[in-house]
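Working notes, structure below.
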Amino acid sequence: MASSQLPFKVNQERLLKSLHTSCQHGSAHPYGEDSTETGMARLSLTDSDKDVREWFIESAKALGCHTHVDQMGNLFAIRPGKNKDAPPIMMGSHLDTQPTGGRYDGILGVIAGLEVLKVLEENSFETEGSIGVVDWTNEEGARFPVMAVSAAVWAEAIPLDTAWNLKEISTGDNTSRKTMKEELDRIGYVGETPASFKANPFAAHFELHIEQGPILEDEGRKIGVVQGVQAFKWFDITVSGRDTHAGTTPLYARQDAVLCAAKMITTANSVAKKASGLATTGIIHSEPGTVNTVAQTVNFSLDLRHTFDEDLEKMIAECVAEFQRIATEDSERGCTVEWKELVDSPAVHFDKDCISVVEESAKAVLAKFPDPASGGKQWRDMISGAGHDSCYTNRRCPTSMIFTPTRNGISHNPVEYCSPEDCAIGANVFTTSSGRVASVRRYRSKAQRPCDLCRSRKAHCNIPDPSQPCTLCERTKRSCTFVEKPNRKPSKRQAQDFGTLSQSPRPDGFSGSIAGSIVSGTAIDTQRPPSIVPSSQDGNRSQRLPGTDDRFLSGIRGVPNESLPDSPLIATGWPRDDWPTFNNDDFQDMLDSFGRENISDLLPADSTSCLGLNTTDKSPSWSHSNQPEGLEELTFDQKPDFSSQLFGFSGESDPFLLRNYPYDDSGEVKFFRLIYRMASNTAAGPEPDNTVLPEGRRGTRLAGTVPVYFLQNHSQTVSRSLQAVEKCMFEQGTCAPRTQLDNLVSPEMGVGLVKLYFRYIFHALPILSRSFVLRNIEGFVKNASVGLLAAIYALSLQFTAWDDILCVDSGYTKPSSEDLWGISYACVQREMHFPRLSTIQTSLLLLNFDPFDPASAENPSAWALACSTLAIAQSLGLNMNPIGWDLPIWEIRLRRRLWWCVFVEHSWRAITHGRQSTISYDSWNVTPLGLADFEVNLNPGAGLGVDDVCPDYFMHLSSLTIIVNDLCRTFFSLRSVCQQQPLGSLIDQARVFRQQLQQWVGALPESLHMPAPAQTHSETEEEPVDTRGSLHISYFTVQILLFRALLRPILDDNLGLDYIQPSVAAILDASRGLIRTVTRFTYSLDARHQSAFWPTYTRSCFSYPGQFSFMLCFQHREPHMMINDQKLLSIWRQTLRTRAPSWPLLRFAAIRVDGIFWKNLVNVAAASHNVDTST
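Using UniProt numbering, the first residue of the sequence shown is number 1, and each one after it goes up by one.
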């Protein structure tokens, strides 16, 4: 079958009838009059569980399925496909319930799986591969206290004997408690099939489940696409004291185990609340259990959960310490406490290809449903808070889950409910997902194999009609060709796909990717060599090495010329071949010539004579050798005509890169009007470092140290800025600001410039209220703050060509933007002492004024203004949510938008200046902006045409800013950098941000997607500018920061990373792919993009790719890639050279890269590889 989507739908009425029929076995706890208004009490391996098992097998056999039972009582029903030798696609969940459970938890997943088989059978549809349903034994862990124990045995995470010997939970006599093996024997369900993935492999596992929480219902969505499961551990805690008489033993003499346990339980809750985790005690048992006896022993369960493994471990460590303190210090005569771990479930990250299948299925099933009231799609990405059988199947086969809404978020309760419609929708997504995989054709002939584009992207090639192109080529307007030869079988080294490494050591297991084993229709190769993961140091306990389960990079490993994973940012715009076809012939020739020339040919003619270690300094007379007599060594502040500023860790120049530069005996590297000064290459901590660096040598360093460097600017780099400020201060008082402004801009021109602001700038800086301004725009121009008007005019002048009147009026002469800036700047300085909202508005506009010295680094005055703006915003109460305040609705909206403008501007300035944001998350409570915050009622007769301004840009920029803020706190704060975490730990933390960024990209509306490079501007399109570029370069900057944090330990040759080499290789490949993607993006920015408004901080964002690319040149883990890494830098340089002459925004980025070549620093990198690039 050519199509990957089954044309069938489930029968909703039949699905619900089957579900309620199965619930006749074990129904309990009625809460209504209808026979279906009951809960469930069907604990595992009870008589009611036996009855429903027999019903399941009978139902499956009626559909022609082969059924079998394994040693743990897991039930399997397989419907054979054409390829009967391949492992089946499995659907399912569990039929056991809690003692006071509902009718949908687990049960829906199994019954929906049977419904899928019914749909296939009644339509006589034969799938390519086999497909089946599984019922996992004792998933709930309600009777035998290890959840999902049978799936764990199948995955070989728990030994069979351990599971068989589990005793049931009971409050009675311990001797009467039955084991799992005993109960399996009693009901006759110890099967002959070994409970192992080796004897019973799956091609993939899909699980439909109710959400068991309120998120989907609260947001009005129908489907949750589960990305993974949070980490959790179960413990059995035993507190031992002394049993004594309750009436004769005074409090001070007691060893009260119950009191001690109670304090421990409340303490665990406090620990979890502080860490934003969860702590639950569901079972408490005390002995001897009489009213008038102080308990001797208390046994209670403790369930601890957190999204991140590391935070969970911290919670556990704190609970252990606190429990011990309570037992010894806070329980009168003292008690003892013992911990027994029952379940250890690390954070789970499901297979990206399975997730993609579910996403596409949800999109197809919900295509005709209206958007939810909360906005966005009818489905959303989710992290499961509960554990599931899929947590274990994910270790052995590609896995994903589908969530349906749960009424009021209630589960493990008799009133648990999922509506018939939602059950059917979930089952249809279930059907489509499994059908996409199980029915996909195997590519055998040229006509059936994937087209060139799909093969290059490693995407499923969906060809509904053989006479038409595949869906991907049709969507991207590409030719659907089958020209290129299929890829050869990868080498053993390439076959070790980093994205599918197991979550825990598997000395005899295997890992697989759905892209290789399912979509292509081939079976999992059970003979493939196992994935070898080193065991833990102590040798006592098998545990996952940090970073070896690194699915956040899944899919971006592969061949070196791959870019980032398919996403709306890239997939619709950038072909995944090595390089796109550019219109510039010279640039294309340069690309084609790579591989035929040496890297030295790419350097300036005067740069190949030496390795840059003794470069003759051509700086002006302010060099180190010309310091004033008697001052052999000057402090930073005493150097004549120079100002110093610290290189921050998140700035465009990473200090971990700077320590590779060739410093002279004064600790300096001199550029034109700039000096990089080394303050310390060894430590930023409390311990002073007395290391003396050899003369003329690259700074030697120790592993685990933190470098400190300063940028020293000569006054000539900011000469124009200084002149502008001096002029501004000199002219203060000579003429009233209003008079100065009116002399520059007439009221009529002012009205036109304000309209241009709303048309071209408002989307990125929504600092004005349209409801207030546009009701009387002439009155606004007449009465508004002079500083605010001057700033609006200064920014809007660049768009006068797009106004039918101003294009002529300003065609010969324009008001001086520098003069307007001066007026605005002077007004802000005065208003600082008596601020209003207009002070904030003016400051935000001033921060986005083009710098007077575009080729120089932004001086600290911009960061100072950003901090002052934040301080005033807090003084004016903008950090507090004004909803409900007694204010006009337009001002409430304005205050909310202003806060987010301050937050965005301050955050990005902090990043690009390498400073730590001074915004604390507990100091503001303004909720995220929505469409209501941009509402405006315009006078239809105004003819302003601004009601179409879309708020998507700023709302998504705000959400991206939250992500990058958290990222910088995690990786780039002084405290985090000083901690020097191992690479594995960094990877675990980075995975979270990769997921957030993927979710951010997935939420982008079509209006914010970048067009393909081949697309041209329509002649009928009215809008002359394209405003999306600045959002995308911001996104790429976040990606660069994330990978830069991961590169730091990789660049440290003193660190042994052999144990995590697959992760290192994946990070390096992904970094190269990121550089290529940004290069293609930058080259595609044409005049329409360049003419748009770009926030000033994006000027610095464009300098990040060059420094990041140069950083790669110093990696020694893959010396064979050195020439390739240097070529990437040269291509980026050439890209900037083709764009910077016509686009001043790029001049700073261009001169930063030119400086690398001017000082022969590329050769310094080559020298670190012991490679001579001149031959």
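For every residue, glycine included, the Cβ atom is placed at its ideal position computed from N, Cα and C.
Going by beta carbon distance, what residues of the same chain come within less than 6 Å of residue i, once the five residues before and after it are set aside?
{"i": "tyrosine 417", "result": "Arg407"}
{"i": "leucine 117", "result": "Leu63 and Arg79"}
{"i": "glutamate 217", "result": "Pro405"}
{"i": "leucine 894", "result": "Ser769"}
Please classify residue i as buried or exposed, where buried requires at least 16 neighbouring CB atoms within 10 angstroms.
{"i": "tryptophan 885", "result": "exposed"}
{"i": "asparagine 123", "result": "exposed"}
{"i": "isoleucine 599", "result": "With a pLDDT of 30 at isoleucine 599, under the threshold of 50, the predicted position of this residue should be treated as unreliable, and no value is reported."}
{"i": "histidine 1032", "result": "buried"}
{"i": "serine 428", "result": "Residue 428 is actually asparagine in this sequence, not serine. Per the 10 Å Cβ criterion, buried."}
{"i": "serine 44", "result": "buried"}
{"i": "glutamate 905", "result": "buried"}
{"i": "residue 1184", "result": "Nothing in the structure corresponds to residue 1184, since the chain is present only between 1 and 1175."}
{"i": "tyrosine 709", "result": "buried"}
{"i": "glycine 247", "result": "exposed"}
{"i": "leucine 887", "result": "exposed"}
{"i": "leucine 1161", "result": "buried"}
Measuring CA to CA, which of the options is closest to residue i?
{"i": "serine 390", "options": "Pro346, Leu366 and Ala364", "result": "Pro346"}
{"i": "leucine 1146", "options": "Phe1114, Leu1112, Tyr1097 and Ala1165", "result": "Tyr1097"}
{"i": "histidine 388", "options": "Glu318, Val343, His285 and Ile823", "result": "Val343"}
{"i": "glycine 282", "options": "Leu878, Phe235, Lys263 and Ala246", "result": "Phe235"}
{"i": "lysine 222", "options": "Leu658, Ser680, Trp379 and Leu646", "result": "Trp379"}
{"i": "threonine 1138", "options": "Asp1086, His763 and Ala866", "result": "Asp1086"}
{"i": "serine 721", "options": "Leu674, Gly648 and Asp819", "result": "Asp819"}
{"i": "glutamine 212", "options": "Ser301, His245 and Gly102", "result": "Gly102"}
{"i": "glutamine 12", "options": "Val271, Gly984, His29 and Gly426", "result": "Gly426"}
{"i": "threonine 1037", "options": "Ser1100, Gln1126, Asp1053 and Val992", "result": "Ser1100"}
{"i": "isoleucine 840", "options": "Leu806, Trp899, Pro398 and Asp105", "result": "Trp899"}
{"i": "glycine 877", "options": "Val902, Arg254 and Ala857", "result": "Val902"}
{"i": "proline 145", "options": "Val134, Arg969, Gly113 and Lys178", "result": "Lys178"}
Alpha carbon to alpha carbon, how far is residue i from residue j?
{"i": "tyrosine 825", "j": "glycine 750", "result": "18 Å"}
{"i": "serine 653", "j": "alanine 155", "result": "46 Å"}
{"i": "threonine 328", "j": "leucine 251", "result": "15 Å"}
{"i": "tyrosine 1035", "j": "arginine 909", "result": "15 Å"}
{"i": "leucine 768", "j": "leucine 929", "result": "15 Å"}
{"i": "methionine 264", "j": "isoleucine 326", "result": "7 Å"}
{"i": "threonine 280", "j": "lysine 273", "result": "11 Å"}
{"i": "aspartate 1154", "j": "asparagine 660", "result": "17 Å"}
{"i": "aspartate 497", "j": "lysine 50", "result": "Any answer about aspartate 497 is weak, because its pLDDT of 34 lies below 50 and its placement is not dependable; what the coordinates show is given next. Going by the C-alpha atoms only, they are around 42 Å apart."}
{"i": "isoleucine 410", "j": "aspartate 105", "result": "10 Å"}
{"i": "serine 923", "j": "aspartate 1058", "result": "44 Å"}
{"i": "alanine 367", "j": "isoleucine 911", "result": "40 Å"}
Within its chain, find whatever has a CB closer than 7 Å to the CB of residue i; leave out the 5 residues flanking it on each side and keep chain order.
{"i": "serine 1091", "result": "Pro1024 and Val1025"}
{"i": "asparagine 269", "result": "Ala279"}
{"i": "glutamine 829", "result": "none"}
Is the Cβ of residue i closer than 8 Å to any Cβ of chain D?
{"i": "arginine 1117", "result": "The question asks about chain D, but that chain is absent: this structure has only one protein chain."}
Report yes or no: do three or more beta-carbon pairs, one from the segment 196-214 and one from the segment 252-261, lie closer than 8 Å?
Contact between the segment 196-214 and the segment 252-261 is absent: fewer than 3 CB-CB pairs across the two stretches fall below 8 Å.
For the 8 Å Cβ check, are there 3 or more pairs between the segment 180-198 and the segment 153-170?
The segment 180-198 vs the segment 153-170: in contact.
Pair every Cβ in the segment 221-233 with every Cβ in the segment 321-329, then say whether three or more of these pairs are closer than 8 Å.
Touching, no.
Would you call the segment 1052-1063 and the segment 831-848 touching, i.e. three or more CB-CB distances under 8 Å?
Put simply, the segment 1052-1063 does not touch the segment 831-848. Fewer than three CB pairs are less than 8 Å apart.
Give a yes or no on contact between the segment 1098-1112 and the segment 1039-1052, applying the rule of three or more CB pairs nearer than 8 Å.
Yes: at least three Cβ pairs fall under 8 Å.
Please determine if the segment 793-810 and the segment 775-782 are in contact, where contact requires at least 3 C-beta pairs separated by less than 8 Å.
Cβ pair count under 8 Å is below three, so no.
Could you tell me whether the segment 32-50 touches the segment 130-150, using the rule of 3 or more Cβ pairs below 8 Å?
Judged by Cβ distances under 8 Å, the segment 32-50 makes contact with the segment 130-150, as three or more pairs qualify.
With three or more beta-carbon pairs closer than 8 Å as the criterion, would you say the segment 77-92 touches the segment 24-38?
The way I'd put it, the segment 77-92 doesn't touch the segment 24-38; fewer than three beta-carbon pairs between them come closer than 8 Å.
Any contact between the segment 392-401 and the segment 230-246? By contact I mean 3 or more CB pairs, one from each, below 8 Å.
Contact between the segment 392-401 and the segment 230-246 is absent, because fewer than three Cβ pairs lie under 8 Å.
Contact between the segment 127-137 and the segment 16-32 (3+ Cβ pairs under 8 Å):
The segment 127-137 is not in contact with the segment 16-32.
Between the segment 1049-1060 and the segment 1115-1124, are three or more C-beta pairs nearer than 8 Å?
Judged by pairs of C-beta atoms under 8 Å, the segment 1049-1060 touches the segment 1115-1124, as three or more such pairs exist.
Are the segment 181-188 and the segment 361-376 in contact at 8 Å, needing three or more beta carbon pairs?
Result no; under three Cβ-Cβ pairs closer than 8 Å.
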